[in-house]
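For the sequence shown, position 169 matches number 231 in our numbering, and the numbering has no gaps at all. Accompanying notes for the structure given below.
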Amino acid sequence: MLTQISVAIIAVAFAVLVFFLIKTLKAATQSLEKVTETLQDVQKTVDELTYEVKQTIRNTNDITVDVQHKMRQIDPVLDTVKNLGEALSEVTYAVKQVSSGMVSRFKQSRMEQNARTEVPLTAQDRTFQSYDAVYQHTEAEEKSRGRNWLAYVDTAVGLWNSFRRQKAR
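Below you can see the structure in the form of structure tokens.
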């Protein structure tokens with residue numbers, strides 16, 4: 063009899079164990095189903111994002127190609143602006159040299175004039191000298207002064223052209 067009671071207790075314990083095991087397995091199954099649904103949703107989202115990212119990358123590549131094309135078109139303009147700036151710098155330098163040469167010659171002629179007038183002269187000599195200084199310029203002198211100025215400009219332009227030729231090589 064004791065064996066029959068023991069077998070009955072074991073059978074009841076086994077039935078209770080099977081009952082709780084079935085409950086646990088059902089809960090695990092439901093959890094796995096929810097995880098599967100979540101993973102499917104995540105996969106859908108990843109697929110959508112992948113499509114969007116691919117589109118964004120394609121657009122970015124198109125924009126990059128367009129910008130590169132436009133930069134290639136702008137390069138000659140930028141080169142021209144650079145060359146223009148260099149040319150203007152050279153012209154400015156040449157004009158500066160010409161003007162400084164003219165100023166130094168003007169100062170030198172003034173100093174020579176002052177040196178000549180420092181010699182003590184009589185009143186009559188001073189009168190003649192001032193008259194000569196004011197009224198004795200002939201047309202030939204005026205033309206030669208104009209030619210001198212043009213010669214300076216021609217020299218400056220020649221220097222500028224030779225400098226440009228050397229730079230182009």
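The beta-carbon is built from N, C-alpha and C at its ideal position, and this holds for glycine as well. Just so it is clear, the structure is predicted and the values come from calculations on it, not from any experiment.
Indicate whether V153 and W222 have their beta-carbon atoms separated by less than 8 angstroms.
Along the sequence shown, read from residue 1 onward, the residue named residue 153 stands at position 91. Along the sequence shown, read from residue 1 onward, the residue named residue 222 stands at position 160. Yes, these two residues count as a Cβ contact at 8 angstroms.
In whole angstroms, what separates the C-alpha of T142 from that of E148?
Walking along the sequence shown from the start, residue 142 turns up at place 80. Walking along the sequence shown from the start, residue 148 turns up at place 86. Roughly 10 angstroms separates the two Cα atoms.
So what does DSSP say about M173, is it helix, strand or coil?
For the purposes of this step, residue 173 is identified with residue 111 of the sequence shown, where counting begins at 1. M173 falls in the helix class under three-state DSSP.
Would a C-beta distance cut-off of 8 angstroms place Y214 and M133 closer than the cut-off?
To locate residue 214, count along the sequence shown from 1; it is residue 152. To locate residue 133, count along the sequence shown from 1; it is residue 71. No, the pair does not count as a contact, with Cβ atoms beyond the cut-off.
Runs of 3 residues minimum, wholly inside the stretch 114 to 169: which ones carry the beta strand (DSSP E) assignment?
Entirely contained in the stretch 114 to 169, not one beta strand (DSSP E) run reaches 3 residues.
Distance check for V80 and I71, CA to CA, integer angstroms please.
Walking along the sequence shown from the start, residue 71 turns up at place 9. Walking along the sequence shown from the start, residue 80 turns up at place 18. Near 14 angstroms, if we compare the C-alpha coordinates of V80 and I71.
From V104 to L140, what distance separates their C-alpha atoms?
Looking up residue 104 in the sequence shown gives position 42. Looking up residue 140 in the sequence shown gives position 78. Each residue's alpha carbon lies about 51 angstroms from the other.
Do you know how far the Cα of S166 is from the Cα of D216?
Here the question's residue 216 lines up with position 154 in the sequence shown. Here the question's residue 166 lines up with position 104 in the sequence shown. Whole-angstrom Cα-Cα distance: 18 angstroms.
Using the C-alpha atoms, what's the distance from N145 back to R235?
The displayed coordinates of the chain run from 63 to 231. Any statement about residue 235 would go beyond what the structure contains.
What number of angstroms, rounded off, separates the C-alpha of S162 from the C-alpha of D124?
Stepping through the sequence shown from its first residue, residue 162 is reached at position 100. Stepping through the sequence shown from its first residue, residue 124 is reached at position 62. Distance between the alpha carbons of S162 and D124 is about 56 angstroms.
Cα-Cα, which of Q92, Q228, M63, G220 is closest to V157?
Against the sequence shown, residue 157 aligns to sequence position 95. Nearest option by C-alpha distance: G220.
Using the Cβ count rule (16 or more neighbours within 10 Å means buried), how would you classify A218?
As a working mapping, residue 218 is identified with position 156 in the sequence shown. Buried, by the Cβ-count rule.
For T65 and E99, what's the separation of their Cα atoms in angstroms?
Here residue 65 corresponds to residue number 3 of the sequence shown, with the count starting at 1. Here residue 99 corresponds to residue number 37 of the sequence shown, with the count starting at 1. Whole-angstrom Cα-Cα distance: 50 angstroms.
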